[in-house]
Amino acid sequence: MSDKKGSKKSSKKAALNREEPKDQYDEVSEVTQGHTSKQQTSTKEPEITENKKVSKRKQTEDANKAAKSSKTAKLEDIKLNKTDSSYDSLDFTSSATAKNGKKWNLKISTWNVSGLRALIKKKGLEFLKHEDPDIFCMQEVKCSTKKLPPEAIVDGYHKFWLPADKEGYSGTALFSKQKPLNVTYGLNNKEYDTEGRVITAEYEKYFLVTTYVPNAGRGLVTLPKRMKWDPVLRNYLKDLDTRKPVILCGDLNVAHEEIDLANPKTNTKSAGFTQEERDGMTSLLKQGFVDSFRLMYPDKTGAYTFWSYMGNARARNTGWRLDYFILSERLKENLCDIIIRSDVYGSDHCPVTLLLNV
């Protein structure tokens, strides 16, 4: 998800580009009602009877009704795409097991909520009641701790917040049923640590890191910043991995392979699919980490976690897989399942849930 405003230039590709303004769902374009027709000219003015006048009025009324109906349908589609989750029709149960036959005993969910206050207004936190994860991580919280709504104080969890210094921008959060041994904030890097991008929780058997990775921006204006970020995060994770296995989750702002987005051919110069960003992910995986989703589902297509608000992208499943669980290689045998909750709405991203036996 984009975290930086850039050029206002538009193109046909922009309708499917994932970097639309975050408040796009609050803006509904007006449907223009009207008709154009060719009129024949004549030296003699035609006679218009009363019946013809009535017929013409009826045609206009019918056309206006049809346009209004079409507008209503479009509004309903937009509403469904951004808010409605039919939780009662979703199955949140699982009996998944690891390769050793042991059932999962740890459930972690991650979600780029695209603004916590907006998510709460759309009742998005109801997801917690149904998924009931042991740990819940959020990115793009966009809210200082002083402005947290009361609904954000969810019972049953220890809560850790890392807002950006800039109000309404970035920010991460971590909810944990079990109190971590230790929690740290940031990467010990002045350039990034004011932006609320990383929370690390230490548990007995592993480290959990949740992150919101910088976006390369429209026109790739912040790609240099992203290229500096990747090795900083990679080295941080490598250091943790020397002490305990690592679970990294969050919005990594990259579709690693062509299978990870709907339109790879037309997005090679788009933020999140440049060769530089993809190479950054490859470099991370070569340091002893695995992409848990591709480990479980190496050939699964149409598996996305982000959809633009433009172009009816979510209904068409024109998406990107930007949200990940990256594991230390020695946790591969503990992996039971990873689930993309594409039917859970409230953001332009959907939640992703990891099941492990630890």
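With the first letter of the sequence shown counted as 1, position 220 gets the number 220 in the UniProt record's numbering; the numbers rise by one all the way through.
Even glycine gets a Cβ: it sits at the ideal position worked out from N, Cα and C.
The model shown is predicted, which means the values in this text are computed figures rather than measured ones.
Beta-bridge pairing of residue i - partner residues as DSSP gives them
i: Met138; result: Trp111, Ala173
i: Lys103; result: Thr97
i: Gly328; result: According to the sequence provided, residue 328 is Ser. The question's Gly does not apply to it. Paired residues: Phe289.
i: Val183; result: Ala201
i: Leu354; result: Ile108, Ile338
i: Asp323; result: Asp251
i: His349; result: Phe306
i: Leu261; result: Trp320
Neighbour-count burial assignment, residue i, 16 or more Cβ in a 10 Å radius
i: Asn334; result: buried
i: Gly156; result: exposed
i: Asp291; result: buried
i: Asp337; result: buried
i: Gly319; result: buried
i: Asp348; result: buried
i: Ser170; result: buried
i: Glu195; result: buried
i: Gln287; result: exposed
i: Ser89; result: exposed
i: Glu47; result: Because the pLDDT at Glu47 is just 48, under 50, the model does not fix this residue reliably, and the value given afterwards should be weighed accordingly. With fewer than 16 Cβ atoms within 10 Å of its Cβ, Glu47 is classed as exposed.
i: Lys44; result: Unreliable positioning characterises Lys44 in this predicted model, as indicated by a pLDDT of 44, which lies under 50. A coordinate reading is not provided.
i: Arg314; result: buried
i: Val113; result: buried
i: Tyr345; result: buried
i: Arg316; result: exposed
i: Lys122; result: buried
i: residue 379; result: The structure shown does not extend to residue 379, since the chain spans only 1 to 358, so no value can be given for it.
i: Asn95; result: Asn is not the amino acid found at residue 95; the sequence shown has Ser there. Classification for Ser95: exposed.
i: Asn267; result: buried
i: Val246; result: buried
Residue nearest to residue i in terms of C-alpha spacing, selected from the options
i: Thr184; options: Asn112, Tyr236, Asp134, Val213; result: Tyr236
i: Asp225; options: Pro214, Val113, Gly219; result: Here residue 225 turns out to be Lys, not Asp, going by the sequence shown. Among Pro214, Val113, Gly219, the Cα nearest to that of Lys225 is on Pro214.
i: Thr242; options: Phe273, Asn267, Thr211, Lys205; result: Lys205
i: Arg218; options: Arg330, Phe273, Lys177; result: Phe273
i: Tyr222; options: His256, Asn312, Ala313, Ser270; result: Tyr is not the amino acid found at residue 222; the sequence shown has Thr there. Ranking the options by Cα distance to Thr222, first place goes to Ser270.
i: Val358; options: Ser328, Ala315, Ile120, Val113; result: Ser328
i: Ala98; options: Tyr345, Cys350, Gly346, Leu331; result: Leu331
i: Val141; options: Ile135, Asp134, Glu167; result: Glu167
i: residue 359; options: Lys238, Pro180, Ala216; result: The requested residue 359 is not part of the displayed model; the chain covers only 1 to 358.
i: residue 382; options: Leu116, Gln178, Lys121, Glu191; result: Outside the shown range of the chain (1 to 358) lies residue 382, about which nothing can therefore be said.
i: Asp279; options: Leu248, His256, Ala262, Asp239; result: His256
i: Thr301; options: Gly311, Ala216, Asn263; result: Asn263
i: Leu240; options: Leu187, Phe136, Asp84; result: Leu187
i: Ala303; options: Asp260, Phe289, Lys265; result: Asp260
i: Cys143; options: Phe175, Pro245, Ala152; result: Ala152
i: Glu131; options: Ser85, Lys121, Lys122; result: Ser85
i: Glu276; options: Val246, Lys244, Thr266, Met227; result: Met227
i: Asp193; options: Ser176, Lys177, Tyr212, Phe293; result: Tyr212
i: Gln139; options: Leu174, Thr266, Thr268; result: Leu174
i: Lys238; options: Leu220, Val209, Thr266, Lys265; result: Val209
i: Cys137; options: Arg197, Arg321, Thr266; result: Arg197
i: Phe289; options: Gly311, Glu191, Asn312, Phe325; result: Phe325
Residue range of the beta strand (DSSP E) that includes residue i
i: Ile339; result: 335-340
i: Ile199; result: 198-202
i: Asp251; result: 246-251
i: Leu162; result: 158-162
i: Phe207; result: 207-212
Enclosing alpha helix (DSSP H) for residue i [first to last residue]
i: Leu240; result: 223-241
i: Lys300; result: Counting along the chain, Lys300 falls outside any alpha helix (DSSP H), and DSSP gives it neither H nor E.
i: Leu116; result: 116-121
i: Leu128; result: 126-131
i: Ala315; result: 313-316
Min CB distance residue i to chain C below 8 angstroms
i: Leu295; result: The structure shown has no chain C; it contains just one protein chain.
Specify whether the region 159-169 and the region 190-205 touch according to this definition: at least 3 beta carbon pairs, one from each stretch, less than 8 angstroms apart. yes
May I ask you to verify whether the region 275-291 touches the region 227-241, counting CB pairs closer than 8 angstroms and requiring at least 3? yes
Does the contact criterion of 3 or more C-beta pairs under 8 angstroms hold for the region 343-355 versus the region 102-111? yes
Contact the region 243-252 vs the region 307-319: 3+ CB pairs below 8 angstroms: no
Please confirm if the region 162-179 is in contact with the region 138-152, defined as three or more CB-CB distances below 8 angstroms between the two stretches. yes
Should the region 293-304 be called in touch with the region 87-106, which here means at least 3 C-beta pairs below 8 angstroms? no
Decide if the region 338-348 is in contact with the region 124-138; the criterion is three or more beta carbon pairs, one per stretch, under 8 angstroms apart. yes
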